[in-house]
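Chemist: The structure that follows is given in the form of structure tokens.
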Amino acid sequence: MEPMDSTVSLPQPQYATHDVANQAPPLVPYDASEDPALLEGLRREGAEWAEAGIRRLGVRAGSAEAQEWGELANRHEPELRTHDRYGNRIDEVDFHPSWHHLMRAAVEEGLAGAAWADDRPGAHVARTAGGLVWGHTESGHGCPTSMTYAAVPALRTQPELAKVYEPLLTSRTYEPGLRVPTEKPGLLAGMGMTEKQGGSDVRTNTTAATPTAEPGVYTLRGHKWFTSAPMCDVFLVLAQAPGGLSCFLVPRVLPDGSRNAFRIQRLKDKLGNRSNASSEPEFDGTVAWLVGPEGRGVKTIIEMVNCTRLDCVMNSATLMRKTLVEAGHHVRHRSAFGALLVDQPLMRNVLADLAVESEAATTLALRLAGAADRAVRGDEQERAFRRIATAVGKYWVTKRGPAFTAEALECLGGNGYVEDSGMPRHYREAPLLSIWEGSGNVNALDVLRALSREPGAADALFGELARARGADARLDAAVTRLKNELAETDQAGARRLVERMALALQASLLVQYAPAAVSDAFCATRLGGDWGHAFGTLPAGTGFDAILERALPGRN
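The numbering of the sequence shown is my numbering, which starts it at 85 and goes up by one.
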């Protein structure tokens, strides 16, 4: 055979094999506070003085740097070190530097306990608004900041302890690492409530608290099933004292500088919330200080739960807004079947439906924050409203979160199913917010408990609904049905009742404060029944343009 002639010309390709076309550009940087529903709610609920700070924080949250912190903190998960190289028990958890960047920013911005030290009306609203924008980075580090915020009112039941620890829990200084708490410029607090045999049924807890010779000081022995953020400085823990289930303050480091017995047996391998360490600590001779009277542990810690439930609503609303922004950005730049996705009627229906849901969640979160702020300042009507409405909102908004994030992910098609998009992380995060601080059933039953045992709870709820009376016939009819159902609902029907309470409450807020296109779409579907079972089934005649222009300003 003759050798091949090396000068023979081979056919050349007419196009590159890897042209990148029809892909959305990076979203970052963007302004996470660019949300009319959030800014209007901030002003309406009494924290207009915080708007400049919220806008600044929104720009920071949407920066390339902060978004990378969120991604890295979840990619490089916390690692448990039970012992040092010499065999000494140390029970420490190592975090990626990005976690500490996120935590430092959150604490400095007042998203932990600082609101309790701020006398300005609206301080708790400003904190919630801050969480609604800073949460665009990632969700995990919101756990220790939330628990720190929530620990303050529980600790106030023991004034001598509050005098020592409250100034540190309300500090804007973040200092990681275990040291004597009173020697640090700022502290973080966690909580240890659930045990493996009981979960939310904390009255079955078996961790035992034994009094010592020193008044108010006990030693604990037992095992906790879920204790998140184990590198916090102090924890509020439920344990069985001689007088019954009681609340205790447990520091990681004792006043003499020695380590308290807080043995971290393992970290949980969780579906989501990967940046945040959740642990199983074991107590054995662990020193603890009594918080509140013996036997009143649940009553003492319930104020903490009310605060963390508000944060579950806030965080779920944040995930909705974040994924809506991501979906809106994608469809504005992606074409299919000859047109941009954002211009195609069915996609606009999906986006508008998501936008209505997101605004309802954000508006309710800020209304609950306003109630919390006014309740702290002595408004008994708002205290009663907060008691029932927080449980209602926690049940419903967190239930809507997983379906919402799934639909937003689908707007990106296959791109949304890829980790690089960030959407799978948000999708894994969403169900946790329904589980934390009492799952759906626990919250639904708590609403029934509030109705039967809390004087004024039902009146406060219907008083709020009455503010929108006459503005929309569908809402008026829904409120009438709700009143009739209250007397007939048993435990088995609790979810149905609470869902209807939540929808009526969200509708009343939107009718009062949102543009007509938003409130009409909500009432027509969530109350009027002219809605399918999936997002994207808004009826003909919906003001799609107005809804999308409001929800995605500059992006429509």
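Positions of the beta carbon are idealized from the N, C-alpha and C atoms, including for glycine. Source: prediction; values computed, not measured.
Could you tell me whether the Cβ atoms of leucine 186 and tyrosine 302 are closer together than 9 Å?
Modeler: Residue mapping note: residue 186 aligns to position 102 of the sequence shown, counting from 1. Residue mapping note: residue 302 aligns to position 218 of the sequence shown, counting from 1. Not in contact: leucine 186 and tyrosine 302 (Cβ atoms no closer than 9 Å).
Chemist: According to DSSP, is aspartate 317 helix, strand or coil?
Modeler: Stepping through the sequence shown from its first residue, residue 317 is reached at position 233. Aspartate 317: coil per DSSP, three-state reduction.
Chemist: Note down the Cα distance separating leucine 593 from leucine 448, rounded to an integer number of angstroms.
Modeler: Indexing the sequence shown from 1 puts residue 593 at position 509. Indexing the sequence shown from 1 puts residue 448 at position 364. Distance between the alpha carbons of leucine 593 and leucine 448 is about 7 Å.
Chemist: In angstroms with no decimal places, state the Cα-to-Cα distance between arginine 128 and leucine 216.
Modeler: By one-based count along the sequence shown, residue 128 stands at place 44. By one-based count along the sequence shown, residue 216 stands at place 132. Distance between the alpha carbons of arginine 128 and leucine 216: 16 Å.
Chemist: Within 10 Å of its beta-carbon, does threonine 290 have 16 or more other beta-carbons around it, so buried, or fewer, so exposed?
Modeler: In the sequence shown, counting from the first residue as 1, residue 290 sits at position 206. It is exposed - the Cβ of threonine 290 has fewer than 16 other Cβ atoms within 10 Å.
Chemist: For a test of the three-state rule: what should DSSP assign to glycine 306, helix, strand or coil?
Modeler: As a first step, residue 306 must be located in the sequence shown, where it is residue number 222. Strand at glycine 306.
Chemist: Quick check: the Cα distance between leucine 636 and glycine 412, rounded to an integer number of angstroms?
Modeler: One-based indexing of the sequence shown puts residue 636 at position 552. One-based indexing of the sequence shown puts residue 412 at position 328. Computed Cα separation, rounded: 7 Å.
Chemist: Across the stretch 469 to 483 and the stretch 387 to 402, are there enough close Cβ pairs to call them in contact, namely three or more that are closer than 8 Å?
Modeler: Verdict: yes, contact present.
Chemist: I need the DSSP call for leucine 632, collapsed to helix, strand or coil.
Modeler: What you label residue 632 is simply residue 548 of the sequence shown in a count that begins at 1. Looking at leucine 632 - three-state DSSP - the assignment turns out to be helix.
Chemist: Between arginine 211 and the rest of its own chain, which residues show a CB-CB distance below 8 Å, the 5 nearest in sequence each way excluded?
Modeler: As a working mapping, residue 211 is identified with position 127 in the sequence shown. Result list for arginine 211: Gly194, Leu195, Ala198, Ala199, Tyr233, Ala453, in chain order.
Chemist: Suppose only complete runs of 3+ residues qualify. What are the beta strand (DSSP E) ranges in the stretch 467 to 518, listed by chain order?
Modeler: Listed in chain order, nothing qualifies, since the stretch 467 to 518 has no complete beta strand (DSSP E) run of 3 or more residues.
Chemist: Is the beta carbon of alanine 601 less than 9 Å from the beta carbon of isoleucine 631?
Modeler: Your numbering for residue 601 matches position 517 in the sequence shown. Your numbering for residue 631 matches position 547 in the sequence shown. Yes; because the gap between Cβ atoms is below 9 Å, this pair is in contact.
Chemist: Please report how far the alpha carbon of alanine 550 lies from the alpha carbon of arginine 584, in whole angstroms.
Modeler: Here residue 550 corresponds to residue number 466 of the sequence shown, with the count starting at 1. Here residue 584 corresponds to residue number 500 of the sequence shown, with the count starting at 1. Alanine 550 and arginine 584: Cα-Cα distance of roughly 15 Å.
Chemist: Around the Cβ of threonine 288, are there at least 16 other Cβ atoms within 10 angstroms (buried) or fewer (exposed)?
Modeler: As a working mapping, residue 288 is identified with position 204 in the sequence shown. By the 10 Å Cβ count, threonine 288 comes out exposed.
Chemist: For a test of the three-state rule: what should DSSP assign to threonine 257, helix, strand or coil?
Modeler: As a working mapping, residue 257 is identified with position 173 in the sequence shown. Note: threonine 257 maps to coil in three-state DSSP.
Chemist: How big is the Cα-Cα spacing for glutamate 378 and methionine 507?
Modeler: By one-based count along the sequence shown, residue 378 stands at place 294. By one-based count along the sequence shown, residue 507 stands at place 423. Approximately 46 Å, taken between the alpha carbons.
Chemist: Taking the alpha helix (DSSP H) that phenylalanine 546 belongs to, which residues open and close that run?
Modeler: By one-based count along the sequence shown, residue 546 stands at place 462. Phenylalanine 546 -> alpha helix (DSSP H) spans 541 to 550.
Chemist: The beta strand (DSSP E) spanning valine 375 covers which residue range?
Modeler: Within the sequence shown, residue 375 is the residue found at index 291, counting from 1. Looking at the DSSP string, the run of the beta strand (DSSP E) that includes valine 375 is 362 to 375.
Chemist: Within the continuous alpha helix (DSSP H) that includes histidine 414, where are the two ends?
Modeler: For this step, residue 414 is matched to residue 330 along the sequence shown. 381 to 417 is the span of the alpha helix (DSSP H), which, as asked, contains histidine 414.
Chemist: Relative to the C-alpha of arginine 393, which candidate in Asp119, Ala544, Gly226, Cys607 has its C-alpha closest?
Modeler: Translated into positions along the sequence shown, residue 393 becomes position 309. Among Asp119, Ala544, Gly226, Cys607, the Cα nearest to that of arginine 393 belongs to Gly226.
Chemist: For the 8 Å Cβ check, are there 3 or more pairs between the stretch 126 to 141 and the stretch 486 to 504?
Modeler: Short answer: they don't touch.
Chemist: Could you name the residues of the same chain whose beta carbon sits closer than 6 Å to that of asparagine 640, not counting the 5 residues immediately before and after it, in chain order?
Modeler: Your numbering for residue 640 matches position 556 in the sequence shown. Note that asparagine 640 scores 44 on pLDDT, short of 50, meaning its location in the model is unreliable; the coordinates nonetheless yield the value given after this. Cβ within range, chain order: Leu632, Glu633.
Chemist: In this structure, what does DSSP give as the bridge partners for glutamine 324?
Modeler: To locate residue 324, count along the sequence shown from 1; it is residue 240. DSSP, once it has assigned bridges, lists Ala292, Leu329 as partnering glutamine 324.
Chemist: Taking 6 Å as the limit between beta carbons, can you name the residues of its chain near lysine 352, skipping five residues before and five after?
Modeler: Residue numbering aside, residue 352 sits at position 268 when the sequence shown is read from its first letter. Hits under 6 Å: Ser362.
Chemist: Looking at the structure shown, is glutamate 521 part of a helix, part of a strand, or coil, going by DSSP?
Modeler: To locate residue 521, count along the sequence shown from 1; it is residue 437. Note: glutamate 521 maps to coil in three-state DSSP.
Chemist: Taking the CB atoms as reference points, tell me whether alanine 273 and valine 337 lie closer together than 9 Å.
Modeler: The count along the sequence shown starts at 1 and reaches residue 273 at position 189. The count along the sequence shown starts at 1 and reaches residue 337 at position 253. Their beta carbons are not under 9 Å apart, which means alanine 273 does not touch valine 337 by this criterion.
Chemist: Rounded to a whole number of angstroms, what is the C-alpha to C-alpha distance between tryptophan 153 and glutamate 222?
Modeler: As a first step, residue 153 must be located in the sequence shown, where it is residue number 69. As a first step, residue 222 must be located in the sequence shown, where it is residue number 138. Near 8 Å, if we compare the C-alpha coordinates of glutamate 222 and tryptophan 153.
Chemist: If you draw a straight line from the C-alpha of serine 536 to the C-alpha of alanine 588, how long is it?
Modeler: Here residue 536 is taken as the residue at index 452 of the sequence shown, counted from 1. Here residue 588 is taken as the residue at index 504 of the sequence shown, counted from 1. Approximately 20 Å, taken between the alpha carbons.
Chemist: Where does valine 112 land, buried or exposed, given buried means 16+ other C-beta within 10 angstroms?
Modeler: One-based indexing of the sequence shown puts residue 112 at position 28. Counting Cβ neighbours within 10 Å, valine 112 comes out exposed, since fewer than 16 surround it.
Chemist: Run the CB neighbour count on serine 342, radius 10 Å, all protein chains shown included, and call it buried at 16 or more, exposed below.
Modeler: The residue given as residue 342 occupies position 258 in the sequence shown. Serine 342 is exposed by the Cβ-count criterion.
Chemist: Proline 508 CB to nearest chain B CB: under 9 Å?
Modeler: The question asks about chain B, but that chain is absent: this structure has only one protein chain.
Chemist: Could you tell me the distance, in whole angstroms, from the CA atom of arginine 365 to the CA atom of asparagine 527?
Modeler: As a first step, residue 365 is located in the sequence shown; it is residue number 281 there, counting from the start. As a first step, residue 527 is located in the sequence shown; it is residue number 443 there, counting from the start. Sequence check: residue 365 is proline here, not arginine. Cα to Cα, proline 365 sits roughly 26 Å from asparagine 527.
Chemist: For the 8 Å Cβ check, are there 3 or more pairs between the stretch 515 to 532 and the stretch 463 to 479?
Modeler: Segments in contact, yes.
Chemist: Taking 9 Å as the threshold (C-beta atoms), are phenylalanine 546 and alanine 444 in contact?
Modeler: Along the sequence shown, read from residue 1 onward, the residue named residue 444 stands at position 360. Along the sequence shown, read from residue 1 onward, the residue named residue 546 stands at position 462. No. Outside cutoff.
Chemist: If you follow the beta strand (DSSP E) that glutamate 176 is in, where does it begin and where does it stop?
Modeler: Counting from 1 along the sequence shown, the entry for residue 176 is found at position 92. From DSSP, the beta strand (DSSP E) with glutamate 176 extends over 173 to 178.
Chemist: Which runs of the alpha helix (DSSP H) at least 4 residues long sit entirely within the stretch 417 to 469? Give them in chain order.
Modeler: Fully enclosed alpha helix (DSSP H) runs of 4 or longer: 429 to 460.
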